[in-house]
Structures are given as structure tokens and as C-alpha cells.
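*Asks:* To convert, take the position in the sequence shown, counting from 1, and add 37; that gives the working numbering.
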Amino acid sequence: MVWPNEVYQSSKTSTTILLDADKKFHSFGFEAETDYANLAQDDKHRDWYYFRRFKMVLFENMNIDMNMMLKDETGKEMLALDVFSAAISYLKTNLLDMCKRQHYLYNGDQIRWILTVPALWNDRAKLFMRQAANQAGISQGQLVVALEPEAASLYCIEWMKRETSFDLEKGEKVLVLDAGGGTVDIAIHQIKENGRIQELHRANGGDWGGTKVDQEFKQLLIDIVGNQVYEELKSKHHNDYMDLFRVFEVAKRKDFSVAATGKVPIRLPSIVNELCKQINKKDINEIVSTNNTFINHIQLSRDKLLIDISIFKKLFEKTINEIKRHLQELYQKKDINDIRTIFMVGGFSYCHLLYDCIQKEFPSVRVKVPMEPAIAVIKGSVIYGHKPEIFSSRISVYTYGIETTEPFDRKEHPASKKMTEAIDGKYHCDKIFCIHVKEGETITLGSSVRKTYKTIDPNQMGMDFKVYATKKKSPKFTDEPGCFYVGKLKVDLSGIAPGKNKTREIEVELIYGGTELDAVARDTKAGREFRGHFVLGSRTRKVSHKKE
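#1: Would DSSP call M135 helix, strand or coil?
#2: Got a sec, what are the start and stop residues for the alpha helix (DSSP H) T561 sits in?
#3: Please give me, in chain order, every unbroken run of the beta strand (DSSP E) with length at least 3 that falls completely inside the region 222–297.
#4: Should F428 and I234 be called a contact, given that it needs their Cβ atoms to be closer than 8 Å?
#5: T441 by DSSP, collapsed to three states: which one?
#6: Look at the alpha carbon of I308 and the alpha carbon of D277, and state the distance between them as a whole number of angstroms.
#7: Can the beta-carbon of I344 be found less than 8 Å from the beta-carbon of K300?
#8: My assumption, with CB atoms under 8 Å, is that T492 sits in contact with T540. Please give the rounded CB distance.
#9: Under a Cβ-count criterion, where at least 16 other Cβ atoms within 10 Å of its own Cβ denotes burial, should A77 be classed as buried or exposed?
#10: Starting from K81, follow the alpha helix (DSSP H) in both directions and report where the run begins and ends.
#11: Just to confirm, is the Cβ distance from A123 to F62 under 8 Å?
#12: For S433, count neighbouring C-beta atoms within 10 Å of its own C-beta (all shown protein chains included) and say buried if the count is 16 or more, exposed if not.
#13: Hey, how far is the Cα of G574 from the Cα of R161?
#14: Please determine if the region 546–561 and the region 496–515 are in contact, where contact requires at least 3 C-beta pairs separated by less than 8 Å.
#15: If you draw a straight line from the alpha carbon of L312 to that of E268, how long is it in whole angstroms?
#16: So is Q497 buried or exposed if we call it buried at 16+ other beta carbons inside 10 Å?
#17: On a Cα-Cα basis, can you pick out the residue from K341, I420, Y141, V94 that is closest to A189?
#18: Taking the straight line between their C-alpha atoms, what separation do you get for G112 and N231?
#19: Report, in whole angstroms, the separation of the C-beta atoms of T356 and V250, which I expect to be a contact under 8 Å.
#20: Have a look at D109 and M93 and give me their C-alpha separation to the nearest angstrom.
#21: In angstroms with no decimal places, state the Cα-to-Cα distance between P14 and F470.
#22: Which full runs of the alpha helix (DSSP H) of 4+ residues lie inside the region 382–459, going along the chain?
#23: Could you check what DSSP says for R161 in three-state terms: helix, strand or coil?
#24: By Cβ distance below 7 Å, which residues in the same chain neighbour D340 in space, the five residues on each side in sequence not counted?
#25: Examine chain B for any beta-carbon lying closer than 8 Å to the beta-carbon of D375, and answer yes or no.
#26: Shortest alpha-carbon distance to L390 belongs to which of K562, K350, I360?
#27: By the three-class DSSP mapping on this structure, what secondary structure does M105 have?
#28: Going by C-alpha distance, which of H238, K207, D59 is nearest E187?
#29: With a threshold of 16 other CB atoms inside 10 Å of the CB of R149, please say whether the residue is buried or exposed.
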């Protein structure tokens, strides 16, 4: 599918959504940008809800829950879950309508939906997206969550087989650099027998995507025309504002070799120079002629802002240097320094400056940019949907465990963790982190860890198994710095008689190796089993770990 905008056509659209004053969906992507700009032009936009690049909130926030709010461009708030589900619902409906127009007689029940997420997102973010998809009408059983660099890796490997003279052999290692708008995700894989793939290093990266370059360009504009002109352009001439950044997006992809000289032309809306005259009492050429930083380096020629190539390259320096530094650190690791193939995908991989930098830094490595790198994740996710078992093992990004209690021992436990009420004459220590798997462990697909827990109240009618995660190897308590709540598995104990010791014992199996954490809880005596994904929720009943 092609998404047109005012400047160019793209196989991807922007993460932008527009809702009306009643919080009802209106438009998405480039269309939402244009519609909002038209509303702003007529000063009718103030009651509407306009969200751009809202996926990043799930990367930046460790405390994601059902009640999390999102602020739109003007500061108005909406439930984040409603915003995300509205976007997913639109994409779902749009696809089904397109299938119908092309006489593919699919209905929603016949489709396996693949929801891609950055590998850097934590489990709460993935769980949030699953619940947003469910609210959008996609059932849990039809939904598969795929990690974006993994999907990109599948596409690149398939592309190498079909389109090039190179083939990746058994045992070969590859690094996938998924450089998108918000984040850069890096995955490191090894080709195993039967074409299966093993993760060699946990997913990593940072917020070094193409939007960081946009922010540098924004600051350059402010340095030239002043903050007042910039804000006036953005708020009252939003169409021109969006067009300017779309033109810059095209310029970012041009081939500016490291040795290139000259100037980069950026088509500038005429209103910018008019605003400069109104507010600054000078036009752009007068402004830059009195600024030692810009004199002879920036000028306005008709409708073109001509930027010296040296200044234009500086817009990319911070972001590219962060990516380079991170790759240098990775290549210091023993299992990684023999990688001879780097795949660059994502919209930012079109940037020749980024490509040139990586190739120069690693001259002995094949740096490959496949056809249509911006949609490598989309195409790879289709492959993953058909073969989710292709990844034989993954590296655990976190240490996972269940919050439990255990009998209080003043030699082991701080007094602050002692629960205030005794049960059957015994005091318990709260917030124990009962570890199931440790950060950095290699986990094969479908592997699991089982532990037995028991109620601490004989009259409990249910148990909530609260799962926590942390980057620490050996956490003791769930409220230590760096620990965060993932979600809970609810177990219904109504109708089950207590055992002889007046407590109920439940075996919990956490299943790893996939892109998400799954769980099974079993009451072995009653023969009941509870299976499913976690839900975001709040604390209720306690559970106690049975030490084995």
C-alpha cells in the first residue's frame, strides 16, 4: 500500500492520529496531519485531539497501566489505551476494506494479526499493545507479537537468498540495525541447522532514531528565525510547517558523501520569511548576514533555504555518533567481534551519512541495505507469522520472578518488610522476589520454569500471581530500584477445598522463549489449570512461596 502526502509517496505513513472533540476517530497518518493543519488554518483545531509519534511513550515509560494518559499536541489528555486501540482499529478496518475491494473474501476470523513492537520495549509495553489490539476487536488467539528487529532479520535473510549472490551459511552471524524514526533496535543472530535462528545477544539500542535529526533541524530553524517565528509557524500555519519537515525528510535521504561540498537546498514556505519580517523586522538574509555562525553558510534564494553541507552534516552528528559508539562497544564482545554482515533497515537506513559512517568504521564488514528497507519489518513480520518457531532461542533481557511472601526471619529480612498481621500465628515477609529466570540466560523456544506457591490465608477464593522484572541478576525484593511490575495471572480458587494444612498449593509455570511471557497455573490436587497471558492490574491477594 502507498500512503501519499503533499511532498512524496511512501510505503509507510506517520504515527499520527486525529480525533474529534468527542474523542471519536477522524483520520490517521499523513491524512491526519493534513486534516489537522486545515483545522488549524481556520482556528478550529483547539477542541480536537491530535497525537504524533505517540509510540515513543511506551519506550520512555516504565509505569505503563490501563489508566495511563497521553497528552496531545496542545496538552489535552486522553486515555492512552483508547488512542492506541483507535489507531489499531483503523489499520485493521483499512486492511479488511482493501481485501474486500480486491475480492479477497477474508473476514477477521481468518486472519492471524501480527503486531510488531520494538525489541527495546519492556513486557508491560508489549502487554499494553496486546490489550489495545484486543480493544480494537482482535482476539487474543489471533494475535502474535513480533519483535521488529527479528522480523527485519527474517526479511534480510530471505532477501539475501533471492536477490544477491551471497547466501548466509550455517553458523554465520549477522547484526541487524533497525534504524527507525524513534529508536534504533539492534539484534544479533546466528544461522543454525534447518535455517533456524538463535539470538546471540539480548536486544539493545536506544532512542537514536531519525526524529533526533529532526530535532536538530528544528533547533537550527529556531536559531535562524527565532522561537517566536517558529511557534507562530507551527501553531497558525501548520500545513506549511508539516510541508517543511516533509521536505527535510526527503533531504535526509540524499547522497551526501563525506567529501561532498556545496549547499543543500530546502524549499521554505514563503510564510516563514514573511513572519520574519513581521516579528523580527528583518528577512532571513538580513538575519543570517549579521550572525557569525551562519554568514556565508546559509542564505535564502527565492523559495530555497540553502544550507552549507558542513552545517547540514552537523544535524546528523550526535545521532550517528551514538549509533557508532554503541556498535563499537558491541564489537568488543567476544561472541560478536567476528560478525561479518550488518543489515541496515528502517527509514533512517536510507541516510547515506549513516551508511558511510558504519562502513568506514567497520571496513571488513559487509554493510547491506536491502530493497525497501523502510518496510523490512512489515515484510518480515509476514514471514514470522507463518514460522514463529524459526527462532530457536532468545536471550532473556530481564530477570523474571513472582512476588511472594515467606515466613519472616529477622536474620534475613528487614523489619520494614514484616507484614503487620500474623496468620496462623506466623508473621511473613512481604515483597519477596522469587526468581524464575535470570537476565542474560539463553532460553530455548517453549522452555519453562515451574515453582509451587501456596496461599497464606485458608479462606482465599483467588490468587493473583504478580510478575516482576529487573535488569539485576539476583534481586531479593520486588521494590528494589530497577524492579518493575509486568502483570498478573489471576487464579480462581472458589469451590476448591483447602488441603490438610488449610492452605491451597498452586504450581506456576512461566513459559519463555517467545516474544512474550506466557503462564500456566495448576491446582494439581483438583486437576484444574489456568492458562493465558497476563493482565495489567493492581495488587490484591498475597501468595507464599513453597520452598523446595
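The beta carbon of each residue, even a glycine, is placed where N, CA and C say it ideally should be.
*Replies:* Quick look at the numbers:
#1: helix
#2: Element bounds for T561: n/a, residue is neither H nor E.
#3: 234–243
#4: yes
#5: strand
#6: 8 Å
#7: yes
#8: 5 Å
#9: buried
#10: It is not in any alpha helix (DSSP H) - K81 carries neither H nor E in the DSSP assignment.
#11: yes
#12: buried
#13: Any reading at G574 is ruled out, since the residue's pLDDT is 44, under 50, leaving its predicted position unreliable.
#14: yes
#15: 11 Å
#16: buried
#17: I420
#18: 52 Å
#19: 6 Å
#20: 13 Å
#21: Within the shown structure, residues of the chain are numbered from 38 to 585, placing residue 14 beyond reach of any answer.
#22: 389–398, 413–423
#23: helix
#24: R304, L305, S307
#25: Going by chain labels, chain B is absent from the structure shown, which holds only one protein chain.
#26: K350
#27: coil
#28: H238
#29: exposed
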